[in-house]
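Protein chains: 2
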Amino acid sequence: MSKELLEYVSRVARAVDSIIMESVRGPTRKLYDAALHYVKAGGKRLRPAVVHLFGEGLGCSSTEALSYAAAAVEVLHTYTLIHDDIMDKDTVRRGVPTVHTVWGIDMAILAGDLLYAYSFHLIAKTTEKGLEPWQTVSMLSSLTEASIELAEGQAMDMEFENRDDVSIEEYLEMIRKKTAALFEACAAIGAIAARAAPEVIEKARSVMRYAGIAFQIKDDILGITVATEKLGKPRYSDIREGKKTLPIIIALRRASSEDREHLLKVLKKELNSETDIERAARIIERTGAIEESERMARDYASKALELLEGIDFVNDDRKRMLRELIEFIVSRGY
Amino acid sequence: MSKELLEYVSRVARAVDSIIMESVRGPTRKLYDAALHYVKAGGKRLRPAVVHLFGEGLGCSSTEALSYAAAAVEVLHTYTLIHDDIMDKDTVRRGVPTVHTVWGIDMAILAGDLLYAYSFHLIAKTTEKGLEPWQTVSMLSSLTEASIELAEGQAMDMEFENRDDVSIEEYLEMIRKKTAALFEACAAIGAIAARAAPEVIEKARSVMRYAGIAFQIKDDILGITVATEKLGKPRYSDIREGKKTLPIIIALRRASSEDREHLLKVLKKELNSETDIERAARIIERTGAIEESERMARDYASKALELLEGIDFVNDDRKRMLRELIEFIVSRGY
Numbered sequence: 020m021s022k023e024l025l026e027y028v029s030r031v032a033r034a035v036d037s038i039i040m041e042s043v044r045g046p047t048r049k050l051y052d053a054a055l056h057y058v059k060a061g062g063k064r065l066r067p068a069v070v071h072l073f074g075e076g077l078g079c080s081s082t083e084a085l086s087y088a089a090a091a092v093e094v095l096h097t098y099t100l101i102h103d104d105i106m107d108k109d110t111v112r113r114g115v116p117t118v119h120t121v122w123g124i125d126m127a128i129l130a131g132d133l134l135y136a137y138s139f140h141l142i143a144k145t146t147e148k149g150l151e152p153w154q155t156v157s158m159l160s161s162l163t164e165a166s167i168e169l170a171e172g173q174a175m176d177m178e179f180e181n182r183d184d185v186s187i188e189e190y191l192e193m194i195r196k197k198t199a200a201l202f203e204a205c206a207a208i209g210a211i212a213a214r215a216a217p218e219v220i221e222k223a224r225s226v227m228r229y230a231g232i233a234f235q236i237k238d239d240i241l242g243i244t245v246a247t248e249k250l251g252k253p254r255y256s257d258i259r260e261g262k263k264t265l266p267i268i269i270a271l272r273r274a275s276s277e278d279r280e281h282l283l284k285v286l287k288k289e290l291n292s293e294t295d296i297e298r299a300a301r302i303i304e305r306t307g308a309i310e311e312s313e314r315m316a317r318d319y320a321s322k323a324l325e326l327l328e329g330i331d332f333v334n335d336d337r338k339r340m341l342r343e344l345i346e347f348i349v350s351r352g353y
Numbered sequence: 020m021s022k023e024l025l026e027y028v029s030r031v032a033r034a035v036d037s038i039i040m041e042s043v044r045g046p047t048r049k050l051y052d053a054a055l056h057y058v059k060a061g062g063k064r065l066r067p068a069v070v071h072l073f074g075e076g077l078g079c080s081s082t083e084a085l086s087y088a089a090a091a092v093e094v095l096h097t098y099t100l101i102h103d104d105i106m107d108k109d110t111v112r113r114g115v116p117t118v119h120t121v122w123g124i125d126m127a128i129l130a131g132d133l134l135y136a137y138s139f140h141l142i143a144k145t146t147e148k149g150l151e152p153w154q155t156v157s158m159l160s161s162l163t164e165a166s167i168e169l170a171e172g173q174a175m176d177m178e179f180e181n182r183d184d185v186s187i188e189e190y191l192e193m194i195r196k197k198t199a200a201l202f203e204a205c206a207a208i209g210a211i212a213a214r215a216a217p218e219v220i221e222k223a224r225s226v227m228r229y230a231g232i233a234f235q236i237k238d239d240i241l242g243i244t245v246a247t248e249k250l251g252k253p254r255y256s257d258i259r260e261g262k263k264t265l266p267i268i269i270a271l272r273r274a275s276s277e278d279r280e281h282l283l284k285v286l287k288k289e290l291n292s293e294t295d296i297e298r299a300a301r302i303i304e305r306t307g308a309i310e311e312s313e314r315m316a317r318d319y320a321s322k323a324l325e326l327l328e329g330i331d332f333v334n335d336d337r338k339r340m341l342r343e344l345i346e347f348i349v350s351r352g353y
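Heads up: the protein sequence lines correspond to chains A and B, in order.
Count along the first sequence from 1, then add 19; that gives the number in my numbering.
Count along the second sequence from 1, then add 19; that gives the number in my numbering.
Following this line, the structure appears as structure tokens:
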């Protein structure tokens with residue numbers, strides 16, 4: 020990331036974090052500690068940056084309202100991380116133990132539920148922060164639609180764990196819901212705050228749909244290629260959990276029958292030693308699945324950039340930063 | 020319940036159920052089956068009735084918008100049941116196996132999350148069903164505040180399981196959040212739909228705060244006194260789970276030291292045979308805790324009725340039915 024974009028993202032992150040820390044407060048200490056665990060552990064806050072970039076770029080002058088909406092998105096994202104970690108039995112996230120590992124599953128469920136409530140609470144606040152009520156309602160619709168898709172995407176992801184024959188099309192549909200839908204909502208929310216016309220909102224959505232798909236493909240790649248310390252979570256957890264990520268789907272198609280058999284046994288947890296898992300990762304790499312996935316991620320990012328060019332921005336600085344952000348999504352090392 | 024009130028509640032239930040069944044639909048079959056499990060299993064739909072009674076009583080003419088808001092509340096209530104059942108390890112609800120018992124904990128978490136999203140989605144819809152956007156935003160604020168309190172109340176309830184010294188004041192604060200907050204929101208939402216003045220909304224809230232507390236106390240009593248078949252869930256589950264309900268708190272204060280010791284051992288699950296649990300129930304009854312709890316429930320209901328008299332209704336039929344509904348809350352046999 021350029022210094023300019025890095026500073027912008029950090030500024031948005033600070034604004035959003037301060038809203039979250041001031042808003043998400045209450046008397047039941049343990050519950051709130053659990054709820055704020057990942058917020059305090061860091062994270063890039065890319066989604067809030069997308070809300071701000073589209074919002075400011077398309078002419079919204081109320082930065083505070085934008086930050087409240089961006090905080091709502093980040094809080095919603097955080098709740099999904101807490102609940103997904105329970106379902107995926109993940110033990111480490113953002114370099115810290117997962118919420119259910121520290122506080123137990125019951126408290127983790129409740130901490131997620133609390134954040135969900137705060138997310139919509141923050142959206143409701145955008146009216147008193149200067150937006151028109153219809154803008155708040157419109158943002159609410161975008162966010163609830165994304166929330167529904169998030170749950171559907173997670174259900175598909177879980178179902179795919181028990182299947183060997185997941186197609187690339189099914190995978191793409193799953194990540195569109197599980198990951199891209201919230202990025203789409205970020206674009207829509209920013210555009211709504213800027214009172215953009217329906218067709219502009221739709222175009223903004225499409226940009227982030229493609230960028231969101233690229234983001235998830237890249238995430239799946241990094242889960243295989245990047246070391247644990249850099250990743251903030253254990254390497255190969257997708258392989259261990261039998262997830263059908265793009266590199267894994269491609270590898271299952273391309274591998275020799277012997278390699279395919281080994282890979283399937285690891286994905287089905289019939290083999291689970293570190294050596295077995297390492298060998299599965301080497302099989303995936305050997306098929307060229309990483310390169311093919313990289314190529315697809317870049318294609319989706321290119322499509323996003325192309326669509327972005329078709330939107331007239333009031334503020335071209337923001338458009339330039341959005342362009343760079345989308346490029347970062349596929350070029351990032353972790 | 021009088022025939023008039025029964026018919027009214029049934030009519031509202033039908034309207035709300037049909038909105039829920041039409042709205043909560045999607046491609047991931049298992050997830051939607053799990054989410055709709057309790058909706059299909061029945062339930063009284065008291066909360067939707069409260070939304071409608073305040074809404075129509077205070078002069079809202081858009082019945083459809085009211086039903087959408089009422090459906091949002093019912094869906095929110097259903098999500099809390101699914102997640103609470105996981106945390107409380109309950110196996111039966113409304114006469115059917117609990118969601119996590121049928122579909123597993125992961126799918127139950129996700130089904131709850133999906134309903135949460137639909138709840139706010141239905142609130143967002145009230146604008147297109149005829150309300151002004153500011154009314155929708157105001158309803159959203161009420162519902163998110165209640166959601167936050169629901170999670171806080173559930174956290175208190177869970178924490179109380181590990182304590183012997185929970186006071187009546189702490190119990191009342193817990194059920195105000197866990198149960199009364201959503202009834203309060205029902206009153207507020209109805210009043211907002213009717214464009215009631217802020218002070219009327221506040222009064223309506225107070226009515227249902229007291230009625231909601233009475234409702235929960237009565238629920239706690241019925242959990243001890245009513246047979247499993249009528250209850251739709253196993254009798255004595257509060258005792259089994261070590262819950263600090265009002266009858267239990269009172270009994271712990273009044274019981275002889277020998278009885279208290281037995282009761283505590285059962286609550287701490289050190290003793291858990293059916294005979295031990297039956298004996299604990301007899302101890303609670305012997306202390307007069309049931310009668311004292313009944314008295315308190317009636318006091319709260321009386322306070323609710325008194326406050327209700329202080330509100331001017333446009334439609335006095337609805338006021339009369341609300342009065343009867345509040346009386347039903349404390350007189351019901353299950």
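Ideal Cβ positions, reconstructed from N, Cα and C, are used throughout, including at glycine.
Counting only the same chain and skipping the five closest in sequence on each side, list residues whose C-beta sits under 7 Å from that of residue i.
i: A:ALA354; result: Because chain A in this structure spans residues 20 to 353, residue 354 of chain A falls outside the shown range and cannot be described.
i: B:TYR98; result: GLY131, LEU134, TYR135, SER138
i: B:ASP103; result: GLN173
i: B:MET193; result: GLY172, MET175, ASP176, PHE179
i: B:ILE124; result: ILE105
i: A:LYS288; result: GLY261
i: B:HIS96; result: ARG66, LEU201
Excluding the 5 residues preceding and the 5 following residue i in the sequence, name in chain order all residues of the same chain whose CB lies nearer than 6 Å to its CB.
i: A:GLY242; result: ASP257
i: A:ASP107; result: GLU260
i: A:GLY114; result: GLY251
i: A:PHE347; result: MET20
i: B:THR144; result: One point to set straight first is that residue 144 of chain B is Lys, not Thr, in the sequence displayed. Around B:LYS144: TYR87.
i: A:GLY359; result: With chain A represented from 20 up to 353, any question about residue 359 of chain A goes unanswered, as that position is not in the structure.
Taking the C-alpha atoms as reference points, what is the distance between residue i and residue j?
i: B:LEU150; j: B:ILE187; result: 41 Å
i: A:LYS252; j: B:ILE142; result: 37 Å
i: A:CYS205; j: A:ILE220; result: 11 Å
i: A:HIS71; j: A:SER86; result: 7 Å
i: B:THR82; j: B:THR146; result: 13 Å
i: B:TYR137; j: B:SER42; result: 8 Å
i: A:GLU168; j: A:LYS338; result: 27 Å
i: B:THR247; j: B:ILE330; result: 39 Å
i: A:LEU290; j: A:ARG279; result: 13 Å
i: A:LEU129; j: A:ALA60; result: 19 Å
i: B:ARG33; j: A:ASP335; result: 53 Å
i: B:GLY62; j: B:TYR229; result: 22 Å
i: B:LEU159; j: A:ASP184; result: 42 Å
i: A:ALA270; j: B:LEU65; result: 54 Å
i: B:GLU189; j: B:VAL333; result: 37 Å
i: B:ALA89; j: B:ARG195; result: 20 Å
i: B:SER29; j: B:LYS197; result: 25 Å
i: B:TYR51; j: A:SER80; result: 41 Å
i: A:ALA91; j: B:ALA165; result: 17 Å
Going by C-alpha to C-alpha distance, which of the options sits closest to residue i?
i: A:LEU77; options: A:ARG314, A:VAL156, A:ILE309, A:ALA207; result: A:ALA207
i: A:SER157; options: A:ALA136, A:ALA215, A:VAL111, A:LYS196; result: A:ALA215
i: B:ILE303; options: B:ILE268, B:PHE139, B:GLU192, B:GLU75; result: B:ILE268
i: B:PHE202; options: B:PRO67, B:GLY62, B:THR155, B:SER29; result: B:PRO67
i: A:GLU328; options: A:THR306, A:THR264, A:LEU265, A:SER225; result: A:SER225
i: A:GLU180; options: A:GLU192, A:ARG351, A:LEU286; result: A:LEU286
i: A:ARG314; options: A:SER21, A:ILE232, A:PHE332, A:ARG64; result: A:ILE232
i: B:GLN235; options: B:LEU191, B:GLU218, B:ASP335; result: B:LEU191
i: B:ARG351; options: B:VAL333, B:GLU297, B:VAL245, B:GLU293; result: B:VAL245
i: A:GLN154; options: A:LEU25, A:VAL58, A:VAL111, A:ALA84; result: A:ALA84
i: A:GLY307; options: A:ARG298, A:ILE296, A:LEU283, A:ALA274; result: A:ALA274
i: A:GLU387; options: A:ARG301, A:SER161, A:MET340; result: What the structure shows of chain A is the stretch from 20 to 353, and residue 387 of chain A is not part of that stretch, so it cannot be assessed.
i: A:HIS140; options: B:ILE296, B:VAL69, B:LEU162, B:HIS140; result: B:LEU162
i: A:ARG48; options: B:LYS237, B:THR294, B:ALA170, B:GLU297; result: B:ALA170
i: B:ASP238; options: B:SER292, B:ARG182, B:LEU326, B:LYS263; result: B:LYS263
Under the assumption that residue i contacts residue j (Cβ atoms under 8 Å), give the Cβ distance between them as a whole number of angstroms.
i: A:LEU265; j: A:SER312; result: 5 Å
i: B:ALA323; j: B:ILE345; result: 5 Å
i: B:GLY74; j: B:ALA212; result: 5 Å
i: B:VAL94; j: B:ILE39; result: 6 Å
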